[in-house]
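Under the numbering used here, the first residue of the sequence shown carries the number 14, and numbering increases by one thereafter.
Glycine residues also receive a C-beta, built at the ideal position from the N, C-alpha and C atoms.
Structure first, then comments.
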Amino acid sequence: MTPTGGSDESPSVALRTEALEQLLTERGLIDPKAMDAIITRYETSVGPLNGAKVVARAWTDPDYRRRLLEDGTAAIKELGFSGQQGEHIVVVENTPTTHNVVVCTLCSCYPWPVLGLPPSWYKDPAYRARVVREPRTVLAEMGLTLDDDVQIIVRDSTSEVRWLVLPERPPGTERLTEEELVPLITRDAMVGVAKVAAP
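Below, the structure is given as structure tokens:
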């Protein structure tokens, strides 16, 4: 859910994209359902699954967690995730007293190797502007209410540095294995607009 309900595309870009898709569909060159499936896969499955594996490893392996917080790029590469948009990733940890949330105020810089495609709300100009000025309000609008004594730190991603949030491990998951933890960890928690829910 976007905090403003706005669109991140100008009408001309949206119309051109729709016209191109319609033309390619009419000529039998693409199947719209297949395109939707590919986009959904990269938005919600492939990329975020990589990030979830990184987080689950950090939750279950203290040495890996230390390396991840010291040099996110190198630690993430240990698990085989690297490439374009992931050249320099800094990982910050959420705690009971500190909550990190990520934004790119200039465009939509985002750690693709671990989070996949950025969601539309992340690219929305209103999110990019408002989360810097009123992060507590924007998070509440997105369903995450934090206590007043929790410090919120807004991390601004750039082409030089992309941020990944190491969310708090929820209570009741102490006996879960790394593999069992992975499905609990969401893209939104790794951006900092949500917390990981206990199973």
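Can you tell me whether DSSP reads residue i as helix, strand or coil?
i    : result
L42  : coil
L179 : strand
S23  : For S23, the predicted structure reports a pLDDT of 48, less than 50, and the residue's modelled location is therefore unreliable. The matter cannot be settled from this model.
R168 : strand
N63  : helix
V104 : strand
V115 : strand
T17  : Its pLDDT being 45, under 50, T17 is placed unreliably by the model, and the measurement read from it follows with that caveat. The answer is coil: DSSP assigns T17 none of H, G, I, E or B.
R89  : As written in the sequence, residue 89 is Ile, which differs from the Arg given in the question. If DSSP states are grouped into helix, strand and coil, I89 belongs with the helices.
S213 : No statement about residue 213 is possible, as the shown extent of the chain runs from 14 to 212 and does not include it.
Using the Cβ count rule (16 or more neighbours within 10 Å means buried), how would you classify residue i?
i    : result
G99  : buried
G18  : For G18, the predicted model reports a pLDDT of 43, less than 50, meaning its position is unreliable; a value from the coordinates is still stated below. Looking at its Cβ environment, which holds fewer than 16 other Cβ atoms inside 10 Å, G18 is exposed.
A202 : buried
I188 : Looking at the sequence itself, residue 188 is Arg, so the reference to Ile does not match. Exposed is the call here.
S23  : Note that S23 has pLDDT 48, beneath the 50 cutoff, so the model's placement of it is unreliable and no number is given.
G93  : exposed
S170 : buried
G60  : buried
P109 : exposed
L128 : buried
Judging by CA-CA distance, which residue of the options is the nearest neighbour of residue i?
i    : options               : result
A88  : Y140, R143, N63       : N63
G156 : R143, A207, V127, R40 : A207
With C-beta atoms as the reference, is residue i less than 8 Å away from residue j?
i    : j    : result
V104 : L130 : no
I198 : A71  : no
R175 : I165 : no
G96  : P126 : yes
V116 : V163 : no
V167 : V114 : yes
V209 : Y135 : no
A50  : E191 : no
V178 : N107 : yes
Answer yes or no: does any C-beta atom of chain B fall closer than 8 Å to that of residue i?
i   : result
A50 : No chain B appears in this structure, which consists of one protein chain only.
What number of angstroms, rounded off, separates the C-alpha of residue i from the C-alpha of residue j?
i    : j    : result
R213 : R141 : An answer regarding residue 213 cannot be provided, because it is not within the stretch 14 to 212 covered by the chain.
Y123 : T158 : 24 Å
A47  : P132 : 19 Å
S20  : E31  : Because S20 carries a pLDDT of 44, less than 50, the predicted location of this residue cannot be relied on, and no value is offered for it.
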